[in-house]
Structures are given as structure tokens and as C-alpha cells.
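These notes concern the structure reproduced below.
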Amino acid sequence: MSILLQLSSENLSSRVYGRIRSALMDGEFAPGERLRIKDLSSQLGTSITPVREAIFKLVSERALEMRAATAIHVPILGPDDLRQIQLMRLALEGAAAERACTLMTPADLDRLAKIQEEFVIAAAKDAALAAKLNTDFHFGLLRAAQMPLVTATVENFWVMMGPLLRTFHNEMPRREISSRNHKHYQVLRALRKRDPQAARVAIQDDIRWSDVIIAWLEKQNAA
Numbered sequence: 315m316s317i318l319l320q321l322s323s324e325n326l327s328s329r330v331y332g333r334i335r336s337a338l339m340d341g342e343f344a345p346g347e348r349l350r351i352k353d354l355s356s357q358l359g360t361s362i363t364p365v366r367e368a369i370f371k372l373v374s375e376r377a378l379e380m381r382a383a384t385a386i387h388v389p390i391l392g393p394d395d396l397r398q399i400q401l402m403r404l405a406l407e408g409a410a411a412e413r414a415c416t417l418m419t420p421a422d423l424d425r426l427a428k429i430q431e432e433f434v435i436a437a438a439k440d441a442a443l444a445a446k447l448n449t450d451f452h453f454g455l456l457r458a459a460q461m462p463l464v465t466a467t468v469e470n471f472w473v474m475m476g477p478l479l480r481t482f483h484n485e486m487p488r489r490e491i492s493s494r495n496h497k498h499y500q501v502l503r504a505l506r507k508r509d510p511q512a513a514r515v516a517i518q519d520d521i522r523w524s525d526v527i528i529a530w531l532e533k534q535n536a537a
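Right under this line is the structure:
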């Protein structure tokens, strides 16, 4: 194989990996859902090989699990898994929100505010879109903090919990999610005031909403 062909193959595998990973993060797959390599290759318009390579990489990262040779599933996180993720997000996203206060431009802030307005509309009628917009808000804040290593680490957690966040938006009462008291508005107010401590507290309060999912999981396990 020539170097150019090898590079082309590697780039395709990387793109497929990125697409499936983003789909997990955005909640396009449900917890426990079975993924079939043939179906994914058809949807992505590629051969089976790059999809298989991407799947194996995601399995190694615990973003997917392989229960048998051909049985690939989206993991179902337990309450303890989510508590650990929450603990790390509180520290890392809290620090990022604090730093974003000093670095965020007016254009960054306008983009975040627009995402939040779209989120409020989606939360009342489209759980999948609301989950994606929620992700966009958090990563818009992370990008504004200009902490690429922190962002990459947090992204791994979001890939793992993306399917559960979809459950969150399905289970949470619509009026509470779409309320003007939503914690994202507190984040935006703190950013406008350039108040790092308030921004940290607001995003951490938002992250603690995952207690709702933890309680739901515990109830399901008890049943």
C-alpha cells in the first residue's frame, strides 16, 4: 500500500470514529442500544473496515462495550459510575467556567446565549435536540476557557454519559427544563458580570442536576 493510500485509509477511520463518538456524546444512541457494524457502515456510506476499527477503539475507551464477537452495545452506566463522572466534572468544568470569565469575548457570550434560547425551545418538544444543545452549551463554555487538555478530558466523560443525558431530558419535567430559572441562565449572568466564582458555582449547580439521573437509576435497580 502506498503512503497516500494508507493516509487516506487512516483519515477515513478517524472521521468515522469522530462521527460515532459525537453521536454518543449528543445522545443519538440510547443506553443499552445494540449497534450493528453493517448498519453503521451503511448509514455512514463507508465500508465495514473503518467502522469496525472505530468500534474497537471506542470499546477500548469504554464508550461502547462488546458482549460477544458481534454484539456491540451502548453501556448502561450505574449510579456509582455517574457519581464519579459528576465529581470530576464539578472540578474541571467549574475551573473552566471560572477561567472563561476572564477570556470570553462578547461574540462567545452571544453564541452561548443563542444556544440557550434554542435549548429552551427544544426542551419543550424534542429531547434529542435538547440534549445536543445542552452539550453545545457546555462545550462552548469549555472552548472559551482555552483549556484544551481539560476539554479533551471532559469530552471523554460526555461520550460515556451522553446516552444517559438523553434519558435525563426524557425524564425531567418539561416545565423545569425550559424554565427561565434554568442554571444556564445563572451561568450567563455570571459571565456577563465577569464574576468567576459565580460562574463556577452556577455551572456546578447545573452539573448537580445529574442527581436526578442517579436517583432514577437507583429506583430502576431497586425495581
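Just remember that this note's numbering sits 314 ahead of the position in the sequence shown, which is counted from 1.
Heads up, the beta-carbon is just placed ideally off N, CA and C, and yes, glycines get one too.
Is DSSP giving residue i helix, strand or coil here?
| i | result |
| --- | --- |
| L378 | coil |
| A348 | Before going further, note that residue 348 is Arg rather than Ala in the sequence given. In the structure shown, R348 sits in a strand (DSSP, three-state: E or B). |
| A383 | coil |
| I528 | helix |
| V515 | helix |
| L447 | helix |
| P389 | coil |
| H498 | helix |
| Q357 | helix |
| G341 | coil |
| K439 | coil |
| M418 | coil |
| K507 | coil |
| M475 | helix |
| M461 | coil |
| M315 | Unreliable placement is indicated for M315, whose pLDDT of 37 sits below 50; the coordinate value is still reported in the next sentence. Three-state result, M315: coil. |
I need the straight-line Cα distance from residue i to residue j, nearest angstrom please.
| i | j | result |
| --- | --- | --- |
| A442 | E342 | 7 angstroms |
| L404 | D353 | 37 angstroms |
| P393 | D519 | 18 angstroms |
| A516 | R522 | 10 angstroms |
| F433 | L406 | 23 angstroms |
| S374 | M380 | 10 angstroms |
| A337 | N535 | 26 angstroms |
| T419 | A458 | 8 angstroms |
| A445 | N495 | 18 angstroms |
| F451 | K428 | 9 angstroms |
| E367 | R506 | 44 angstroms |
Going by C-alpha to C-alpha distance, which of the options sits closest to residue i?
| i | options | result |
| --- | --- | --- |
| R503 | L372, S336, L423, I369 | L423 |
| K501 | E469, L378, A409, M475 | As written in the sequence, residue 501 is Val, which differs from the Lys given in the question. The shortest C-alpha separation from V501 is found at A409. |
| K497 | G359, Q430, A444 | Q430 |
| T449 | E469, Q460, F370 | E469 |
| L456 | A411, E379, A383 | A411 |
| S384 | D395, I369, L396 | According to the sequence provided, residue 384 is Thr. The question's Ser does not apply to it. Of the listed residues, the one whose Cα sits closest to T384 is I369. |
| D440 | N484, P420, L463 | N484 |
| R376 | N535, A438, L463, M475 | M475 |
| Q400 | S524, R508, R333 | S524 |
Measure how close the beta-carbons of residue i and residue j come, nearest whole angstrom, since I'm counting them as under 8 angstroms.
| i | j | result |
| --- | --- | --- |
| P345 | L478 | 6 angstroms |
| V473 | M339 | 5 angstroms |
| L426 | A436 | Incorrect: roughly 15 angstroms between the Cβ atoms, too far for contact. |
| F471 | M402 | 6 angstroms |
| I386 | R348 | 7 angstroms |
| R333 | L372 | Actually they are not in contact, since the Cβ atoms of R333 and L372 sit about 11 angstroms apart, beyond 8 angstroms. |
Would a check of beta-carbon distances place residue i closer than 8 angstroms to chain B?
| i | result |
| --- | --- |
| D509 | Looking at the structure shown, chain B is missing, and only one protein chain is on hand. |
Any heavy atom of the ligand SAH closer than 7 angstroms to the Cβ of residue i?
| i | result |
| --- | --- |
| R457 | Only the bare structure without any ligand can be found here, which leaves the ligand SAH out of the picture. |
Given 8 angstroms, three or more beta-carbon pairs between the segment 327 to 341 and the segment 358 to 378: yes
Using 8 angstroms as the threshold, is the segment 377 to 397 in touch with the segment 525 to 536, meaning 3 or more CB pairs across them? Verdict: yes, contact present.
Between the segment 412 to 432 and the segment 498 to 512, are three or more C-beta pairs nearer than 8 angstroms? yes
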